[in-house]
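Undergrad:
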Amino acid sequence: MPRIRSLLTALLALLLLAGCRFAGDGTPAAVPQVTAPSTLEPEPTPQFRNPLTGLPTDIDLSGQKPVAVMLNNLKQALPQQGNGQADILYEVLAEGGITRMMAVYQDPSTLDTVGAVRSARLYYWQLAQGHDAVYIHAGGSPEFYSARRSQGATTVDGVNGYYSSAEAGLFWRDRERVAGHHYDYEHSLVTSGQAISTVLTRDGLLGPHSQDYSYEMTFVEDATPTGGQSAQVITVPFSNYKTGVFRYDAGDGLYLAEEYGQPYLDGNDGSQVAVTNLLILQATCTVVDSGGRLEVDLSSGSGWYACGGRIIPITWRKGAAQEQLRYYTQDGQPLALQTGKSYVCIIPTTREITVE
57 MPRIRSLLTA
67 LLALLLLAGC
77 RFAGDGTPAA
87 VPQVTAPSTL
97 EPEPTPQFRN
107 PLTGLPTDID
117 LSGQKPVAVM
127 LNNLKQALPQ
137 QGNGQADILY
147 EVLAEGGITR
157 MMAVYQDPST
167 LDTVGAVRSA
177 RLYYWQLAQG
187 HDAVYIHAGG
197 SPEFYSARRS
207 QGATTVDGVN
217 GYYSSAEAGL
227 FWRDRERVAG
237 HHYDYEHSLV
247 TSGQAISTVL
257 TRDGLLGPHS
267 QDYSYEMTFV
277 EDATPTGGQS
287 AQVITVPFSN
297 YKTGVFRYDA
307 GDGLYLAEEY
317 GQPYLDGNDG
327 SQVAVTNLLI
337 LQATCTVVDS
347 GGRLEVDLSS
357 GSGWYACGGR
367 IIPITWRKGA
377 AQEQLRYYTQ
387 DGQPLALQTG
397 KSYVCIIPTT
407 REITVE
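The end of the sequence shown is residue 412 by our numbering, with every number in the run present.
What follows is the structure, encoded as structure tokens:
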């Protein structure tokens, strides 16, 4: 037995020596470690991007018209539905201190319910025209209808004309809103992404952009202003009736929207509206009739841009109805936005924001 143990010990020693290399002085030399080549590959560059947000998409949407939908923003009509899915949200005064939203969607096929749909205003239509968008609304002001007639243009109206009929299959009254609760009938008109895509494609309205149209907005991965000031909470007073508040969430890098003292929610899933880019533009607003309706001058003006928890002053220009909004830094250079959704507030020149 002792002899077997000795043989095993000797064999083990030989095996250990066989695994060693020796330096010139007879001491074992370290065996170099062989590192396997990395199999990680760089992230592929997205082939397609949403022209309204700069975010990657599975299909090429750059040549397709978006849709722009008017949304009721009266307190008693909330929550809206589909507002959280908008690529761009515009908020402007309508009349009497109230505001409406216009939600712009590059790909309506992905949407759930959208509404409640409300009436058009001329300046909202001009904002939609800047996107070469199909404009969806329910009724409208006299100024809007007059301009539409003079241009011989087509919009999608849920109150007057073909698209207000059940035959069109585009709009309907939400049963839960009509059935009771606190909603008036005028706050119940809705549509959906599937209906918008199916009906408007069928009718030839939703398709390629108009000839020579191109949305000229530049997006970068980080557009946080290097100057300016910290902007953790931004208060935007549209009127004595309506004030918007935007709180920066550093964890997500987004501004969370509030109105009427509460989070601004999407009724489809209960999520709070959150955006990467916040633009506040000052424009001259003039009352044009006894109903308090407004004319909003969209030629040019000044404003602010907030992103990444900081804010800077900017200027903006639009001009003709079909021209898109363009934003500039104070030294006149085109403003690049960060990839992500945007919220554009247009307030009277008599109103000033508060930044904390």
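Yeah, the Cβ is synthetic: ideal placement off N, Cα and C, and Gly gets one too.
In this text, all values refer to a predicted model and were calculated from it rather than measured experimentally.
Please list the terminal residues of the continuous beta strand (DSSP E) segment that includes residue 41.
TA: Because the chain in this structure spans residues 57 to 412, residue 41 falls outside the shown range and cannot be described.
Undergrad: Ignore the nearest five residues each way along the sequence and tell me which others in residue 253's own chain have a CB closer than 8 angstroms to its CB.
TA: Excluding positions up to five away in sequence, the list reads 164, 165, 262.
Undergrad: I'd like to know whether the C-beta atoms of residue 231 and residue 245 end up nearer to each other than 8 angstroms.
TA: Not in contact: residue 231 and residue 245 (Cβ atoms no closer than 8 angstroms).
Undergrad: Bridge partners for residue 291 per DSSP, in chain order?
TA: Note: residue 291 sits in a beta bridge opposite 301, 410.
Undergrad: Tell me whether residue 420 is buried or exposed, calling it buried when 16 or more other Cβ atoms sit within 10 Å of its Cβ.
TA: Past the edges of the chain, shown from 57 to 412, lies residue 420, and the structure says nothing about it.
Undergrad: Please report the straight-line C-alpha distance between residue 148 and residue 315, rounded to a whole angstrom.
TA: Using only the alpha carbons, I get a separation of about 14 angstroms.
Undergrad: May I have the straight-line CA-CA distance separating residue 331 from residue 145, to the nearest angstrom?
TA: Straight-line Cα distance between these residues: approximately 9 angstroms.
Undergrad: Out of curiosity, what's the CA-to-CA distance linking residue 226 and residue 255?
TA: Roughly 7 angstroms separates the two Cα atoms.
Undergrad: Quick check: what's the CA-CA separation for residue 135 versus residue 381?
TA: Computed Cα separation, rounded: 28 angstroms.
Undergrad: Which partner residues of residue 404 appear in the DSSP bridge assignment?
TA: Bridge partners of residue 404: 339.
Undergrad: With DSSP run on the structure shown, which of helix, strand or coil describes residue 333?
TA: The answer is strand: DSSP assigns residue 333 an E or B state.
Undergrad: Can you check the stretch 155-205 for any alpha helix (DSSP H) of at least 4 residues that lies completely inside it and give the ranges in chain order?
TA: Counting whole runs of 4 or more residues, the stretch 155-205 contains the alpha helix (DSSP H) stretches 178-185.
Undergrad: Taking only three categories from DSSP, how would you classify residue 255?
TA: Of the three classes helix, strand and coil, the one that applies to residue 255 here is helix, per DSSP.
Undergrad: Alpha carbon to alpha carbon, how far is residue 214 from residue 189? Give it in angstroms, no decimals.
TA: Approximately 17 angstroms, taken between the alpha carbons.
Undergrad: Once the 5 residues before and after residue 274 are set aside, which same chain residues still bring their CB inside 6 angstroms of it?
TA: Counting only Cβ-Cβ distances below 6 angstroms, and skipping sequence neighbours, we find 392.
Undergrad: Considering only their Cβ atoms, is the gap separating residue 337 from residue 344 smaller than 8 angstroms?
TA: Going by C-beta atoms, residue 344 is not nearer than 8 angstroms to residue 337.
Undergrad: Tell me the DSSP secondary structure of residue 140 in three-state form.
TA: Reduced to three states, the DSSP call for residue 140 is helix.
Undergrad: Can you tell which of 133, 293, 184 has its C-alpha closest to the C-alpha of residue 265?
TA: Out of 133, 293, 184, 184 has the C-alpha closest to the C-alpha of residue 265.
Undergrad: Which two residues bound the contiguous beta strand (DSSP E) that contains residue 247?
TA: Run containing residue 247: 245-248, per the beta strand (DSSP E) assignment.
Undergrad: Classify residue 143: buried if its beta carbon has 16 or more other beta carbons within 10 angstroms, exposed otherwise.
TA: Residue 143 comes out buried.
Undergrad: For residue 327, name the three-state secondary structure that DSSP assigns.
TA: Residue 327: coil per DSSP, three-state reduction.
Undergrad: Run through DSSP, which three-state label would residue 218 get?
TA: Residue state, collapsed to three classes: helix.
Undergrad: Is the separation between the beta-carbon of residue 152 and that of residue 175 shorter than 8 angstroms?
TA: No; because the gap between Cβ atoms is not below 8 angstroms, this pair is not in contact.
Undergrad: Return the bridge partner residues of residue 349 from the DSSP annotation.
TA: The partner list for residue 349 (beta bridge, DSSP) reads 151.
Undergrad: Would you call the stretch 355-372 and the stretch 284-304 touching, i.e. three or more CB-CB distances under 8 angstroms?
TA: Flag = yes, the stretch 355-372 and the stretch 284-304 touch.
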